[in-house]
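All remarks here apply to the structure that follows.
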Amino acid sequence: MALLKIARMGHPVLLAKARAVEDPTAPGIRTLVADMIETMHDAAGAGLAAPQVHVPLRLFVYSVPAQRSAGADDPPRTVAALINPVITPIGEEIAIQTEGCLSIPGLRGAVPRAARVRYEGVDEHGQAVSGEASGFLAVVLQHENDHLDGILYPMRMTDLGQMGFETEYLRFGPGGQAGGQAGGQAGGQAGGQDSPRESGQAEEHA
Ligand SMILES: [Zn+2]
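Structural data, given as structure tokens:
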């Protein structure tokens, strides 16, 4: 087990398209997953993608912290790995939620995402993984999957006025409003109201 160095925004590895994992059960992949989980926990993150630790492969680890669980459809989850993932939106509904990123430390932004997604892939034991996700799980899966395609969350934002430093975000809410504004602007239902409270948690960085 080892802590890995996390690439920060501006490093080209974060803008590259990662390649498929040829053998998800290879010992090197299992070691990488274990090291990524250790690194994620050390950095108080909720997810981490391989390109964030300078490994351009299509895999990430993800979790749903208890304080981010959106209820019965989005239960808390301990960390797990998804290798060669395919994430597919279900329906047209968009939800806006506050996101952070371990590669963009100190900042937060309100990001529109598909409210529901289907996910498929395999874990590090070669077992097929699939399901439907909403709430925080849908967010973290889309955030991490984007890392595999060289996309960082600010590139998904439609209003950069909804980005700020954590301290200010916690104090003033998205875009300096008292919360709720981000959720209303694009018809999302999961957005701004909760953000000032939730943004106080360190664990949403992914
Ligand atoms: Zn990230």
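At position 42 of the sequence shown the residue is numbered 293 (my numbering), and the sequence of numbers has no breaks. Quick reminder that beta carbons are idealized off the backbone N, C-alpha and C, glycines included. Predicted, not measured: the structure shown is a model, and the values here were computed from it.
With DSSP as the reference, label Pro209 as helix, strand or coil. Residue 209 lies beyond the residue range present for the chain, which begins at 252 and ends at 457; the question has no answer from this structure.
Quick one: residues in its chain with C-beta nearer than 8 Å to the C-beta of Val272, no 5 flanking neighbours on either side, listed in chain order? Locating residue 272 in the sequence shown gives position 21, counting from the first residue. These residues qualify, in order along the chain: Ile280, Leu308, Arg309, Leu310, Ile334, Asn335.
Judging by CA-CA distance, which residue of Asp397, Thr418, Ser354 is the nearest neighbour of Ala365? What you label residue 365 is simply residue 114 of the sequence shown in a count that begins at 1. If we check each option's Cα against that of Ala365, Asp397 comes out closest.
Based on the DSSP secondary-structure assignment, which residues constitute the bridge partners of Met414? Numbered from its first residue, the sequence shown carries residue 414 at position 163. Looking at the DSSP assignment, Met414 forms a beta bridge with Gly360.
In the structure shown, what three-state DSSP assignment does Leu265 receive? Taking the first residue of the sequence shown as position 1, residue 265 is located at position 14. Three-state DSSP puts Leu265 in a helix.
Between which two residues does the alpha helix (DSSP H) containing Gly426 stretch? If you number the sequence shown from 1, residue 426 lands on position 175. Counting along the chain, Gly426 falls outside any alpha helix (DSSP H), and DSSP gives it neither H nor E.
Please classify Ala389 as buried or exposed, where buried requires at least 16 neighbouring CB atoms within 10 angstroms. As a position in the sequence shown, residue 389 is number 138, starting the count at 1. Result: buried.
Proximity to Arg359 [Cα-Cα], best of Ile347, Pro263, Arg369: Looking up residue 359 in the sequence shown gives position 108. Selected option, being the one with the closest Cα: Ile347.
When you measure from the CB of His262 to every non-hydrogen atom of ligand 1, does any distance come out below 7 Å? The count along the sequence shown starts at 1 and reaches residue 262 at position 11. No, the beta carbon of His262 sits no closer than 7 Å to any heavy atom of ligand 1.
If I follow the unbroken alpha helix (DSSP H) through Glu289, where does it start and stop? Start at 1 with the first residue of the sequence shown, and residue 289 comes out as number 38. Unbroken alpha helix (DSSP H) run through Glu289: 278 to 293.
Between which two residues does the alpha helix (DSSP H) harbouring Gly496 extend? Absent from the structure is residue 496, since the part of the chain shown begins at 252 and ends at 457.
Below 8 Å between beta carbons: does that hold for Ser385 and Arg407? Along the sequence shown, read from residue 1 onward, the residue named residue 385 stands at position 134. Along the sequence shown, read from residue 1 onward, the residue named residue 407 stands at position 156. Cβ atoms of Ser385 and Arg407: not closer than 8 Å.
When the distance is taken between beta carbons, is Gly401 closer than 8 Å to Lys268? One-based indexing of the sequence shown puts residue 268 at position 17. One-based indexing of the sequence shown puts residue 401 at position 150. Cβ distance < 8 Å, so Lys268 and Gly401 count as in contact.
Residues in the same chain with beta-carbon distance under 7 Å from Gly372, minus the five sequence neighbours each way, listed in chain order, please. If you number the sequence shown from 1, residue 372 lands on position 121. Once the five neighbours on either side are set aside, the close Cβ partners of Gly372 are Leu333, Ile334, Asn335, Pro336, Val337, Val380.
Going along the chain, which residues put their C-beta within less than 5 Å of some heavy atom in ligand 1? Cys352, Ala457
Below 8 Å between beta carbons: does that hold for Val312 and Arg328? In the sequence shown, counting from the first residue as 1, residue 312 sits at position 61. In the sequence shown, counting from the first residue as 1, residue 328 sits at position 77. No.
Rounded to the nearest angstrom, what separates Ser354 and Met260 at their Cα positions? The residue given as residue 354 occupies position 103 in the sequence shown. The residue given as residue 260 occupies position 9 in the sequence shown. C-alpha separation (whole angstroms): 6 Å.
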